[in-house]
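In what follows, a single structure is set out as structure tokens and then discussed.
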Amino acid sequence: MQLYADLHSHSTASDGVDAPARVSERAAAAGLAVYALTDHDSVDGVAEAAARGRELGIAVVPGIEMTCYVGSREIHVLGYFLDIDDAALRDHCRHFQRARDERAAAIARRLEECGAPIDIDAVRRDADGGSIGRPHVAKALLAAGHVATMQEAFERFLGEGKPANVPKPEVAPRTVVDIIRAAGGIAVHAHPALGDQFDLIPMLAQAGVAGIEAFHSNHDFSATNKVLEAAYARGLAVTGGSDCHGALPGRESILGRYGLDESRWRSFLRHVRGADAGFP
Ligand code: AMP
Ligand code: ZN
Ligand code: FE
Ligand code: FE
């Protein structure tokens, strides 16, 4: 089925494979009318993506995927329609990117202790000034021959509870929601079924989250239905997207395969901005 909007994607501004302009090209090629670039703790790719989108006639929603925690549980909050030049947003991203860089070095030290050393400078070059994430490290483990697949890198070293798992800064949901809203954006709870976060929805709604992501590449049919029910029960908007990171080793690009059809996109717009939002 042809979808209208894919509201979750990553570029080289974080741990995606494709440059922002290339993500816009892939989105247009996938037949989408709208897509959102939502890099981890960064809006650095949005201007380039939007410029290429204008050339190709595809609407680009300025977005972000912000990291926060409740205790040791990591939550991702998507922000949409934000002013990417907002000073507080920029400050937070700069701080978080520095912390991610230090974290990558800490992960590298742990990997060395595990007997699986990687070249941290190569990881930094690969990230090229963007938000460094575990996928960058997983690629380095693959390149060094310590693992056979990216998945193995997470299963043995980088996943939760594994020896080289290092947390990111412990920001509270309220903090990132406030930053998104102060920048004129709306906040959405990303992929609630990952990590079984349904119990957190009331707290997040209380914190000011306006919607939840129902359609997602890692949500099966029953997870999607469970999110839809939670959204209807609480009057939250429904969103969806592929969470495409580009064509990673062992995984092709899935941009445009998950998201919203036109009628769901329209109800999302109505829900969060009013009908006349300047988006198609
Ligand atoms: P980070 O932001 O550095 O914590 O990395 C998070 C990213 O790593 C996610 O967006 C996924 O792309 C990837 N990731 C997390 N867990 C896994 C996993 N178990 N297998 C493969 N990729 C994963
Ligand atoms: Zn990612
Ligand atoms: Fe996420
Ligand atoms: Fe994501």
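To convert, note that position 226 of the sequence shown is 227 in our numbering; the numbers rise steadily by one, no gaps.
Ideal placement from N, C-alpha and C gives every residue a C-beta, glycine not left out.
As assigned by DSSP and simplified to three states, the class of residue i
i           : result
residue 8   : coil
residue 176 : helix
residue 186 : coil
residue 85  : coil
residue 113 : helix
residue 214 : strand
residue 287 : This structure leaves residue 287 out entirely; the chain is present only between 2 and 281.
residue 147 : coil
residue 270 : helix
residue 253 : coil
residue 195 : coil
residue 103 : helix
residue 93  : helix
Between the CA atoms of residue j and residue i - distance to the nearest angstrom
i           : j           : result
residue 102 : residue 171 : 15 Å
residue 152 : residue 135 : 11 Å
residue 82  : residue 26  : 20 Å
residue 226 : residue 120 : 43 Å
residue 229 : residue 99  : 36 Å
residue 21  : residue 58  : 15 Å
residue 1   : residue 61  : Residue 1 lies beyond the residue range present for the chain, which begins at 2 and ends at 281; the question has no answer from this structure.
residue 222 : residue 200 : 19 Å
residue 333 : residue 42  : Given a span of 2 to 281 for the chain in the structure shown, any question on residue 333 remains unanswerable.
residue 145 : residue 68  : 29 Å
residue 276 : residue 158 : A caution first: residue 276 carries a pLDDT of 49, below 50, which makes its placement in the model too unreliable to give a value.
residue 239 : residue 122 : 41 Å
residue 169 : residue 107 : 11 Å
residue 211 : residue 78  : 11 Å
Nearest residue (CA-CA) to residue i, options the options
i           : options            : result
residue 269 : 214, 68, 257, 234  : 214
residue 288 : 166, 117, 187      : The requested residue 288 is not part of the displayed model; the chain covers only 2 to 281.
residue 18  : 274, 258, 254      : 254
residue 11  : 40, 281, 105, 61   : 40
residue 2   : 236, 13, 31, 23    : 31
residue 139 : 114, 165, 130      : 165
residue 104 : 117, 116, 125      : 125
residue 110 : 85, 48, 167, 147   : 167
residue 76  : 207, 202, 233, 24  : 202
residue 48  : 74, 84, 196, 72    : 84
residue 198 : 97, 231, 179       : 231
residue 162 : 73, 64, 237, 238   : 73
residue 177 : 65, 24, 54         : 65
residue 190 : 80, 54, 52, 53     : 80
residue 141 : 130, 131, 173, 118 : 118
residue 129 : 219, 93, 147, 13   : 13
Residue range of the unbroken alpha helix (DSSP H) whose run includes residue i
i           : result
residue 26  : 21-30
residue 202 : 202-208
residue 39  : Premise fails: residue 39 is in no alpha helix (DSSP H) and is neither H nor E.
residue 142 : 135-144
residue 235 : 222-235
residue 285 : A question about residue 285 goes unanswered here, because the residues of the chain that appear run from 2 up to 281.
residue 152 : 151-154
residue 167 : It is not in any alpha helix (DSSP H) - residue 167 carries neither H nor E in the DSSP assignment.
residue 126 : 121-128
The beta strand (DSSP E) enclosing residue i, as first and last residue numbers
i           : result
residue 259 : No beta strand (DSSP E) contains residue 259, which DSSP labels as neither H nor E.
residue 63  : 60-71
residue 240 : 238-242
Determine contact between the stretch 87-96 and the stretch 182-192, defined as no fewer than three beta-carbon pairs at a distance below 8 Å.
-> Verdict: yes, contact present.
Stretch-stretch touch, CB-based, cutoff 8 Å, three pairs: the stretch 2-13 with the stretch 34-54 = The count of Cβ pairs closer than 8 Å, one atom from the stretch 2-13 and one from the stretch 34-54, reaches three, so the stretches are in contact.
Cβ pair count under 8 Å reaching 3, the stretch 229-246 against the stretch 259-274 | The answer is yes - the stretch 259-274 touches the stretch 229-246, with three or more Cβ pairs under 8 Å.
Would you check if the stretch 150-167 and the stretch 123-141 touch, i.e. whether three or more CB-CB distances between them fall below 8 Å?
-> Enough Cβ pairs lie closer than 8 Å, so yes.
Quick one: residues with CB closer than 7 Å to any heavy atom of ligand 5, in chain order, please.
-> As far as ligands go, the structure on display features ligand 1, ligand 2, ligand 3 and ligand 4 and does not contain ligand 5.
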